[in-house]
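Protein chains in written order, with my numbering: chain W, 11 to 209; chain G, 123 to 663; chain F, 396 to 489; chain R, 121 to 521.
A quick write-up on the structure given underneath.
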Amino acid sequence: MSIEHRDDTGARFGMWLFLYTEVILFSGLFILYAMAAYKFPQEYAEASHMLNIYFGTINTIVLLTSSLTIALAITSIQKNKIKQTLILCYVTIALAVVFLINKYFEWSAEISHGIYPGSEHMAELGPGITAFFNLYYFTAGLHGVHILIGATLIGVVAVMIAKGKVTSDRFTLLENSALYWHLVDLVWIFLFPLYYLIL
Amino acid sequence: MTYQPLKNTGFYSESPRPGVLGWLLSTDHKRIGILYLGCIVVMFLVAMVLGLALRLELIAPGPTIMGPQTYNATFTVHGIIMIFLFIIPSIPAAFGNLVLPIQIGARDVSFPKLNLLSWYCYIIGAILAVTAVFSGGGAPDTGWTFYVPFSTQTTTNVNLAVTGALMLGFSSMLTGINFVTTIHRLRAEGMGWGRLPMFVWTLYSTAWIQILATPMLGITLILIVLERVFGAGLFDAARGGDPILYQHLFWIYSHPAVYIMILPGMGVISEIIPTFSRKPLFGYWAMAFSSLAIAFAGSLVWAHHMYASGMSDFAILIFSFLTFIVAIPSAIKVFNWVSTLYKGSIQLAPPMLHALAFIFNFAIGGLGGLALGAAASDIHLHDTTFVVGHFHYTMFGGTGFAFFAALHYWLPKFTGRMYNHKIAVISWGLVFVGFNVTYMAMQAVGVQGMPRRYYDYLPEFMPLNVVATVGSWVLAVGLIIMFVNLWNGIRRGAPVGQNPWGSATLEWTIPSPPPMENFGEEDPVVTKGPYNYKGVVADEY
Amino acid sequence: MSEHKHEPVPYRTFILIYVALLVLTVVTVAVSRVHLGAWNIWVALTVASAKSSLVVFIFMHLKQESKLFKIGIVTLIVIVAIFIGLTFTDVLYR
Amino acid sequence: MNTLNNPTAQAVDNVLIYIFGFSLILLLGITAVTIYFVVKYRRSKYPEPTSDVEGSWLLETLWTVLPIIIVLTMFWYGWVNYVGLREIPADALEIKGTARMWSWVFEYPDGRKESKIYVPVNKPVKVELYSADVLHSFFVPAFRIKRDTVPGMESYVWFQAPETGSYDIFCAEYCGVGHADMITSIEVLSEEDYATWLASASSSEEPRGLVVLNEQGCIGCHSLDGSDNIGPTLFELAGTPREIEKDGQIIEITIDEDYLKRAIREPEVELTKGFGPMMPAYDEETISKEDLQAVVDYLLGKIAPVELNGGKLLAENGCISCHSMDGSEEIAPTFMGIGERQVTVERDGQEITLKVDADYLRRALLDPDAEMVKGFSPMMPAVDYLSEEEIDAIINYLLQQ
Ligand code: HEA
Ligand code: HEA
Ligand code: CUA
Ligand SMILES: [Cu+2]
């Protein structure tokens, strides 16, 4: 037995541990959110009204769908349906792109309203609202970065599937990038109500 | 002494790739361990020289060898290097990598490539931190705590330094993930949880802290950079932020971090004391669980750094209470170490001397921690040089000495050569005395009320400061002798057999230095506990 | 290393979960439009937790994983709760 | 550790002594046992261990429970005493303290601003703490009190001084280059001195320019005595040449009114060579036009030197606390009517009687013990720290009594 022995469970466990670190990373921002929300309840409600709930909801659905497709991809690779798997991966990536485009429109709309960190319009809106939007931009921004990483990961894995490096009995890489993608979804599941839905 | 070549050179000669690349691209845990060890020791020496400079400045009131700005930059860089580049990776990354897989009977860690990656993160972090000193707006002057709003306003090179710290955090995190997985998945046949050497237990607890606390540092530092670049004002009161929340986020990582520093050290001590008493570690399970307890309770006490910050009194009540609770597992450990000596057969070899010094220093540091943990007394002691004394006692007197102990204990194993014992003992004496003189004086002047981070002070604080500075010279001499002696040992010490100390853990059952893949053809099967010295004999050197 | 291969999860399960998630999404949005004062945030969080547990257990296969994985998750949640909770002891009583 | 008999210090010292005491016992105990074992069970004496106990749950529980009890007492004692530091006596005198890089301003109920705290003896004092820029910390070792000043947040400390005297205030939270120089003091005055201090609307006596320099904390970085520390000194500026750095290049100028005004309103534009851009800009709100003029005039020496007031000096330097103005002579001769008085003094052994005059008074001030007034014991410190002018002022004042 050599060191290149194979330990899929170990690999998955390692990935989970990595996801823990991601959760803590975001929890830092959620701590800041909670404290400010306690300090400025009214301002928070006001501010979240300024966000466009339709963008938010659409993106939620987009992400949930992408989560589904990547989950299906794993089953289909286990069933050794390579072609189907690839398609599911591509759909997932496509949805990621849709999400980002959507975000782009949303942000450009807000920025055109002069709502962005450090703008003088924000300064006029007062501390509570400023705090809300600062956090909103940083949290959503960090989440966006994760979307990019996740999509790239899935892209790489897709290539490896096509090349036959990832197969029906050696697909831990796909599983792990899927896990990562689900985490991105999880973060959004909390981000969405906290920023778009509080009244 | 006359130079004798080694009979086998183990993993130094066997390598898929020859030459430098064989090191820089190696995924072998021993080679990575050596890489870490080298960098860490260099960083240590650099930061030590800075520490010496700090003491020199404080030998008299007023600017003696440097002005305020230089002094602030010096203790900041000293602190950053010592914390992020020396002490946090010191034992886990260096000795953890070298020893852990062998001790559990594995051929490598679970993710060798990740392991190499984490070393590169360390190097990048180190480079960023060093360039921060010599480039742009000048060396950072925020203190290693990067407190806002000062850290977001100062014109010095904070961004680079912070990014460096970020990379180092990432490196430490990856090591943590690697170790937890390794310990869960790669234990050899028969290596049940009850047979893990205590060093493995402590590394396991440490790894969990590294995983669950480090990301908080990540986000905090990211926010500082964003704050400086976009001027967002997340911690700016005028814009709905809260400077004290920064301190919470920072300490949520940085208090657990102090247990990242001490736990592996405790592990080393728990290996050495049984070995040199030829007697099982007293209270194995108590020791194992107290390690986990420290890791867990350690994440509940962060705000004891903030009693004077304007935090709510209720929080002070809670955190003061929890702080005292976290002292208990440490107490248990101390008592168990001492009991291990009882009716043993004690040999005062250099590693053992360092281990005993560890107990003494750590006791002083920790008991000092109690005075800091109590609400009323901390109000007086907070941000005085007493705190500086406290953490040098725990970090240097504790982890530092554990690091020296580990060097004296394991270097023969991984270099195949033995250093000169007489000189080792002498240097130990000097370091021990110099250390205590230096930091006892520092603690005393702190109780008198001298604030920390002062390059200049009132005359009444002078006598003790002089004592401390003189002490640091003794310390310096001792350390230089120690490092030179170790270096000579590595270069041309007498070759040693596979078990010079008569230890019972697995790493001593294979040649020194160990071969690639550690164990021969078939995997080891463990049949006895880590501290069962029956029939184990130390071979001559 | 004994590698127990767990059976592929049928497509149907995933689809059902997906539908459930969509329903829950609609629910939060709907609830958030009616005024419940402080309750809104709690409802929102409960639903979010429900959604995330669905994702974690089914989509992420936690259901099939060994006990170790589950203990890990619990630890994580406890730690996050501690971080947020203890921070509140300051901010709430300042 | 000098235990001071003031409430806050007592509270803290109780805890310190309790914990340090316990710690010492524990440390000595543990060390003693360790050394005993190491010596007794040394390998030369016992080649093999004489026992192979693996542990004892009895002991484990013992040394888990005992320490818990010990530390809980420490915790509770620490907490109750801490509460004492936060509960302010009702009749406390309130002073508003603001920290800024790198100096303190203390505002009194009557709106007067000083860079020191003046309080009457034995009166509880509450200091409300604010910060104008970054974190600082109000630390008085003698009273064992410390509290950060946080921008956008109010906090406080309280203390009560049973003895007159001067107590150092440090800044204990790191705040940049000036951190170590951010030192001022609490002046605890006797009832009557405090009264005189209140009466003497002190600030109005000094030229307005100097007052502003003190209030705004300029003195924190710019010395008045010619020594450069964080900022260039303000000593004898008029007409002196300066190398300044303006957008990139170094130019030589001679200091004049406009330059000084620019240097205060927008310091970062023209930097004096060798100094970093650290000085905050002072706009109309902080320093009004008039004050700016006053400052510049003062700096350029355009105003008559201050008329030193001997009476005030006596009060400030605490002479009044021993030498009364009303004829009473508990500790030392009274100042009342000292101008035309005969005194009998004891000079190296023999007694002599002499008429009080300028040089007698000078001798008495600079070397009090050489000529002791009959019936009084030597206890007065030589006031040689006073400047020539100040001593003259005092002497003139006394002779007029
Ligand atoms: C290795 C690092 C390390 C370790 C192990 C510790 C251990 C402890 N520390 Fe320390 N600490 C630091 C590193 C460390 N610390 C650093 C770096 C800072 C300053 C950061 C900065 O501001 O720059 C700091 C600051 C610090 C503060 C804040 C001070 C201030 O700024 O106001 C406090 C306050 O509670 C504290 C408490 C403690 C306690 C209670 C322990 C306990 O874990 C100690 C437990 C150990 C013992 C109790 C002794 C051994 C036991 C016995 C001898 C048996 C008998 C004991 C009993 C019966 C109880 N530490
Ligand atoms: C592991 C951690 C560690 C270690 C080992 C040390 C070691 C030392 N430290 Fe420091 N120290 C910190 C961590 C550490 N420090 C931290 C975190 C801070 C807080 C920073 C902040 O406030 O932000 C601090 C702050 C700090 C201060 C307080 C600054 C202030 O608040 O005003 C002082 C002052 O004396 C000091 C001194 C020293 C000294 C004299 C040593 C001595 O132990 C050094 C001994 C070594 C020598 C005397 C030199 C030996 C020479 C050689 C080994 C060979 C030479 C090699 C070459 C020439 C290549 N340190
Ligand atoms: Cu102000 Cu330190
Ligand atoms: Cu701590």
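Ideal Cβ placement from N, Cα and C applies to all residues, glycine included.
Ligand 1 heavy atoms versus the CB of residue i: any closer than 7 Å?
i         : result
Ile458(R) : no
Ala479(G) : no
Would you kindly work out how many angstroms separate the C-alpha atoms of residue i and residue j, rounded to a whole number?
i         : j         : result
Arg382(R) : Glu404(R) : 12 Å
Ile159(W) : Pro636(G) : 40 Å
Leu344(R) : Asn587(G) : 30 Å
Ala417(G) : Leu330(R) : 57 Å
Ser323(R) : Arg232(R) : For Ser323(R), the pLDDT reaches just 49, beneath the cut-off of 50, and the residue's location in the model is therefore unreliable, although a value from the coordinates is still provided. If I take the Cα positions, the gap works out to 8 Å.
Ala471(G) : Ala129(R) : 47 Å
Ile468(F) : Leu27(W)  : 9 Å
Asp150(G) : Arg309(G) : 17 Å
Thr649(G) : Phe233(G) : 27 Å
Gly480(F) : Leu42(W)  : 12 Å
Val277(R) : Lys266(R) : 7 Å
Leu128(G) : Tyr242(G) : 31 Å
His34(W)  : Val592(G) : Here residue 34(W) is Ile; the residue named in the question, His, does not match the sequence. So the two alpha carbons sit approximately 45 Å from each other.
Gly136(W) : Ser58(W)  : 14 Å
Say yes only if the C-beta of residue i is nearer than 7 Å to one or more non-hydrogen atoms of ligand 2, and no if none qualify.
i         : result
Leu128(G) : no
Trp117(W) : no
Phe352(G) : no
Ser294(G) : no
Contact criterion: CB-CB distance below 8 Å. Does residue i meet it with respect to chain W?
i         : result
Thr420(F) : yes
Leu481(F) : no
Thr342(G) : yes
Lys446(F) : yes
Ligand 3 heavy atoms versus the CB of residue i: any closer than 7 Å?
i         : result
His504(G) : no
Taking 8 Å as the threshold (beta carbon to beta carbon), is residue i in contact with chain G?
i         : result
Asp18(W)  : no
Phe478(F) : yes
Asp485(F) : yes
Thr123(R) : At Thr123(R) the pLDDT is 46, less than 50, meaning the model places this residue with poor confidence and gives no usable figure here.
Kindly indicate if chain F contains any beta-carbon less than 8 Å away from that of residue i.
i         : result
Ala419(G) : no
Tyr146(W) : no
Phe436(G) : yes
If the cut is a Cβ gap below 8 Å, which residues of chain B does residue i touch?
i         : result
Leu334(G) : Of the chains in the structure shown, none is chain B; the protein chains are W, G, F and R.
Against chain R, with Cβ distances strictly below 8 Å, would residue i count as a contact?
i         : result
Lys544(G) : no
His664(G) : A question about residue 664(G) goes unanswered here, because the residues of chain G that appear run from 123 up to 663.
Arg575(G) : yes
Ala497(G) : yes
Asn558(G) : no
Can you give the beta carbon distance from residue i to residue j, rounded, assuming they're within the 8 Å contact cut?
i         : j         : result
Pro386(G) : Ile224(G) : Their Cβ separation, rounded to whole angstroms, is 16 Å, which puts Pro386(G) and Ile224(G) out of contact at 8 Å.
Leu172(G) : Thr196(G) : 5 Å
Cys161(G) : Ala248(G) : 7 Å
Phe23(W)  : Leu73(W)  : In fact, because the Cβ distance is near 25 Å, the residues do not count as touching under 8 Å.
Tyr375(G) : Ala335(G) : 5 Å
Indicate, with yes or no, if ligand 4 has a heavy atom lying under 7 Å from the CB of residue i.
i         : result
Val509(G) : no
Val380(G) : yes
Determine which residues of the region 154-171 of chain R have a Cβ less than 7 Å from any Cβ of chain G, and write them out in chain order.
Thr154, Phe157, Val158, Tyr161, Arg162, Arg163, Tyr166, Pro167, Glu168, Pro169, Thr170, Ser171
For the region 102-115 of chain W, which residues have a beta carbon sitting closer than 8 Å to at least one beta carbon of chain F?
none
For the region 391-408 of chain G, list every residue whose C-beta sits within 9 Å of some C-beta in chain R, in sequence order.
Phe398, Ser399, Arg400, Lys401, Pro402, Leu403, Phe404, Gly405, Tyr406, Trp407, Ala408
Closer than 7 Å between beta carbons: that is the criterion. Which residues of the region 422-438 of chain F meet it against chain W?
Thr423, Val424, Ser427, His430, Asn435, Ile436
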